[in-house]
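*Asks:* Below is a structure I'd like to ask you about.
In the numbering used here, the protein residues as written are 29 to 476.
Written as structure tokens, this is what we have:
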């Protein structure tokens, strides 16, 4: 599928008509035409809208609020801020894309839903929602003091040193093998480092690392969870997806038997009775969709693997990120973090999230005031909040790692700085500390 051609079609020919139809269909979800066409629009435009410039282009054409991929997009900074700091009802969406509930971890085997991205924050009749309980379980066992200690120990340092050696010996310019080889370089490091830091899995355990690399990077496990795409890949055995269900089970067993879960307590009411196997199955999706993708793509941007997006009427794609990296004071971790956050502002690794309206609401969409019913899907476009000129000012599309309010108002981790309503990326600190260490280590290689 040529996303650039599809984006051009939607942007130049269908924007007004597509928006108007979706607005009508979302206001009238029970109409036959809505039921017939909206699933197709949601699927196709949902894929196209993953292109980093797409939502920005739509906002320029239609205004801050518009309809896209079967959702109402509320794109003003204040709207995004309010959504990120309020409880969220959820359904089967990954940003603009539709997820397949039948492929979800644990559900595919007939168990209960443990997939955090699709669980709502509040559930009637429960003292604590499954989302809050399962997230707390994840944090207790996988993001704790032991995690921090492993991130600072000699094994983590050895992995950073190996990454430096790979950087010195592998092509690392735009599109270089350092970034594209899934066994060595950037991807090889991420699989070994994150599985060691989070699970305590031995990075020299060749069998475990080979399987986890094969699942998450070689066979592109995130595609397994996308509606229609996952089943199509499996039925045609594209990218080896016919074996993916078995690989997921084997990966779950590796996680289940990892040092981090060695002392797991079953039937804990604080975690709504989440079992060790349920946590392991959840992590097969979380590692593939989030933990091994967010840092991968932010690293791609920060280390110059690809240019920044070519936003309409801007010069962002001409910015030389490696020149900015080379100018950093590598002894100043705060400065390196600012550099990373500015990279993530101009190209958010996770561009959008979603919520479901729990009651009717009225909003001005594409210049017209409209009322939508409860159950309407609403996109939370973090990328638009990060590029809102009303908040960031005239230099929004320029690169400034010392930008005022960059840290306290950054939306790149499903939060506004550190403010959130229970859905901030749980691995934010681990990811940032790792990426800071990587940029310092490889920055030193570049200078010597």
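Glycine is no exception: its CB is placed at the ideal position from the N, C-alpha and C atoms.
What does the alpha-carbon distance come out to for the pair residue 127 and residue 346?
*Replies:* Position 99 of the chain shown, counted from the first residue, corresponds to residue 127. Position 318 of the chain shown, counted from the first residue, corresponds to residue 346. Residue 127 and residue 346: Cα-Cα distance of roughly 35 angstroms.
*Asks:* Among the residues of its own chain, which have a CB less than 6 angstroms from the CB of residue 361, if the five just before and after it don't count?
*Replies:* Translated into the one-based positions of the chain shown, residue 361 becomes position 333. Once the five neighbours on either side are set aside, the close Cβ partners of residue 361 are 464.
*Asks:* What's the call for residue 396, buried or exposed, on a 16-neighbour Cβ count within 10 Å?
*Replies:* Mapped onto the chain shown, residue 396 falls at position 368. The residue in question, residue 396, is exposed, as its Cβ has fewer than 16 Cβ neighbours within 10 Å.
*Asks:* When DSSP labels each residue in this structure, what does residue 476 get in the three-state scheme?
*Replies:* Stepping through the chain shown from its first residue, residue 476 is reached at position 448. DSSP places residue 476 in coil when its eight states are reduced to three.
*Asks:* By how many angstroms is the C-alpha of residue 97 removed from the C-alpha of residue 31?
*Replies:* In the chain shown, counting from the first residue as 1, residue 31 sits at position 3. In the chain shown, counting from the first residue as 1, residue 97 sits at position 69. Low per-residue confidence applies at residue 31: pLDDT is 47, beneath 50, and the placement is therefore not dependable enough to give any value.
*Asks:* List the endpoints of the continuous alpha helix (DSSP H) containing residue 49.
*Replies:* For this step, residue 49 is matched to residue 21 along the chain shown. Unbroken alpha helix (DSSP H) run through residue 49: 43 to 55.
*Asks:* Buried or exposed: residue 436, going by 16 or more other Cβ atoms within 10 Å of its Cβ?
*Replies:* Counted from its first residue, the chain shown places residue 436 at position 408. Exposed, by the Cβ-count rule.
*Asks:* Less than 8 angstroms between the CB atoms is what I'm expecting for residue 414 and residue 373, so what's the real figure, rounded?
*Replies:* The count along the chain shown starts at 1 and reaches residue 414 at position 386. The count along the chain shown starts at 1 and reaches residue 373 at position 345. Going by Cβ atoms, the distance from residue 414 to residue 373 rounds to 5 angstroms, so yes, they are a contact pair.
*Asks:* Within a Cβ cutoff of 7 angstroms, which residues of the same chain sit near residue 294, ignoring the five residues on either side of it in sequence?
*Replies:* In the chain shown, counting from the first residue as 1, residue 294 sits at position 266. Here the set comprises 303 and 304.
*Asks:* Should residue 173 go down as buried or exposed, given a rule of 16 or more other Cβ atoms within 10 Å for buried?
*Replies:* Within the chain shown, the letter at position 145 stands for residue 173. Classification for residue 173: exposed.
*Asks:* What residues in its chain sit with their C-beta under 6 angstroms from that of residue 458, if we drop five residues either side in the sequence?
*Replies:* To locate residue 458, count along the chain shown from 1; it is residue 430. The answer is none, since no qualifying residue turns up.
*Asks:* Is the beta carbon of residue 412 closer than 8 angstroms to that of residue 83?
*Replies:* Walking along the chain shown from the start, residue 83 turns up at place 55. Walking along the chain shown from the start, residue 412 turns up at place 384. Their beta carbons are under 8 angstroms apart, which means residue 83 touches residue 412 by this criterion.
*Asks:* By DSSP's criteria, residue 381 is part of a beta bridge. Which residues make up the other side?
*Replies:* Taking the chain shown and counting its residues from 1, one reaches residue 381 at position 353. In the DSSP output, where bridge partners are listed per residue, residue 381 has 408.
*Asks:* Rounded to whole angstroms, what is the Cα-Cα separation between residue 109 and residue 443?
*Replies:* Reading the chain shown from its first residue, position 81 is the one you call residue 109. Reading the chain shown from its first residue, position 415 is the one you call residue 443. Each residue's alpha carbon lies about 8 angstroms from the other.
*Asks:* Three-state secondary structure (DSSP) at residue 102?
*Replies:* For this step, residue 102 is matched to residue 74 along the chain shown. Strand.
*Asks:* Would you call the stretch 42 to 54 in contact with the stretch 380 to 390, where contact means no fewer than 3 C-beta pairs closer than 8 angstroms?
*Replies:* no
*Asks:* Applying the 10 Å Cβ sphere with the 16-neighbour rule, what's the burial state of residue 417?
*Replies:* By one-based count along the chain shown, residue 417 stands at place 389. Exposed.
*Asks:* Using a 10 Å radius around the Cβ and a threshold of 16 neighbouring Cβ atoms, would you call residue 29 buried or exposed?
*Replies:* As a working mapping, residue 29 is identified with position 1 in the chain shown. Note that residue 29 scores a pLDDT of 44, beneath 50, so its modelled location is shaky; the value from the coordinates is reported in the next line. Classification of residue 29: exposed, given that the 10 Å Cβ count is below 16.
*Asks:* Between the beta-carbon of residue 243 and the beta-carbon of residue 276, is there less than 8 angstroms?
*Replies:* Locating residue 243 in the chain shown gives position 215, where the first residue counts as 1. Locating residue 276 in the chain shown gives position 248, where the first residue counts as 1. Yes, they are a contact pair.
*Asks:* In whole angstroms, give me the CA-to-CA distance for residue 401 and residue 300.
*Replies:* Position 373 of the chain shown, counted from the start, is the residue given in the question as residue 401. Position 272 of the chain shown, counted from the start, is the residue given in the question as residue 300. If you take the alpha carbons of residue 401 and residue 300, they lie about 32 angstroms apart.
*Asks:* According to DSSP, is residue 38 helix, strand or coil?
*Replies:* Residue 38 sits at position 10 when you count from the first residue of the chain shown. At residue 38, the pLDDT of 49 sits below 50, so the modelled position is not reliable; the number obtained from the coordinates is stated separately. In this structure, residue 38 counts as helix in the three-state DSSP scheme.
*Asks:* Helix, strand or coil for residue 142, going by three-state DSSP, please let me know.
*Replies:* Counting from 1 along the chain shown, the entry for residue 142 is found at position 114. Reduced to three states, the DSSP call for residue 142 is coil.
*Asks:* Within this structure, are the beta carbons of residue 286 and residue 228 separated by less than 8 angstroms?
*Replies:* What you label residue 286 is simply residue 258 of the chain shown in a count that begins at 1. What you label residue 228 is simply residue 200 of the chain shown in a count that begins at 1. Their beta carbons are under 8 angstroms apart, which means residue 286 touches residue 228 by this criterion.
*Asks:* Go ahead and pull the three-state DSSP assignment for residue 386.
*Replies:* One-based indexing of the chain shown puts residue 386 at position 358. In the structure shown, residue 386 sits in coil (DSSP, three-state: anything other than H, G, I, E or B).
*Asks:* With distances taken Cα to Cα, identify the nearest neighbour of residue 116 among 382, 222 and 105.
*Replies:* Taking the chain shown and counting its residues from 1, the one referred to as residue 116 is at position 88. The shortest Cα separation from residue 116 among 382, 222 and 105 belongs to 382.
*Asks:* Please go through the stretch 76 to 136 and give each complete alpha helix (DSSP H) segment of 4 or more residues, from N-terminal end onward.
*Replies:* 82 to 90 and 105 to 112
*Asks:* Kindly list the residues whose CB is nearer than 6 angstroms to the CB of residue 377, restricted to its own chain and excluding five residues on each side of it in sequence; keep chain order.
*Replies:* Residue numbering aside, residue 377 sits at position 349 when the chain shown is read from its first letter. The residues are 322, 325 and 326.
*Asks:* For residue 461, which residues of its own chain have a beta-carbon under 8 angstroms away from its beta-carbon, when the five flanking residues on both sides are left out?
*Replies:* Position 433 of the chain shown, counted from the first residue, corresponds to residue 461. Excluding residues within five positions, the ones whose Cβ falls inside 8 angstroms are 179.
*Asks:* Among residues of its own chain, excluding the 5 on either side of residue 41, which ones have a beta-carbon nearer than 8 angstroms to its beta-carbon?
*Replies:* The residue you call residue 41 lines up with position 13 of the chain shown. Below a pLDDT of 50, predicted positions are generally treated as unreliable, and residue 41, at 41, falls in that range; the measurement from the model is reported next regardless. Here the set comprises nothing.
*Asks:* Could you tell me which whole alpha helix (DSSP H) segments of length 4 or greater appear in the stretch 318 to 361?
*Replies:* 322 to 330 and 349 to 354
*Asks:* Assuming residue 314 and residue 250 form a contact by the criterion Cβ under 8 angstroms, report the distance between their Cβ atoms to the nearest whole angstrom.
*Replies:* As a first step, residue 314 must be located in the chain shown, where it is residue number 286. As a first step, residue 250 must be located in the chain shown, where it is residue number 222. In fact, because the Cβ distance is near 11 angstroms, the residues do not count as touching under 8 angstroms.
*Asks:* Just how far apart, CA to CA, sit residue 38 and residue 468?
*Replies:* Position 10 of the chain shown holds residue 38. Position 440 of the chain shown holds residue 468. In this prediction, residue 38 scores a pLDDT of 49, lower than 50, which makes its location untrustworthy; the coordinate-derived value is nonetheless stated afterwards. Going by the C-alpha atoms only, they are around 41 angstroms apart.
*Asks:* Where does the unbroken beta strand (DSSP E) through residue 397 begin, and where does it stop?
*Replies:* The count along the chain shown starts at 1 and reaches residue 397 at position 369. First-last of the beta strand (DSSP E) with residue 397: 396 to 400.
*Asks:* Taking the CB atoms as reference points, tell me whether residue 310 and residue 169 lie closer together than 8 angstroms.
*Replies:* Mapped onto the chain shown, residue 310 falls at position 282. Mapped onto the chain shown, residue 169 falls at position 141. For residue 310 and residue 169, no; Cβs fall outside 8 angstroms.
*Asks:* For residue 207, count the other beta carbons within 10 Å of its own beta carbon; 16 or more makes it buried, fewer makes it exposed. Which is it?
*Replies:* Here the question's residue 207 lines up with position 179 in the chain shown. Under this definition residue 207 is a buried residue.
*Asks:* Is DSSP giving residue 178 helix, strand or coil here?
*Replies:* To locate residue 178, count along the chain shown from 1; it is residue 150. It is helical.
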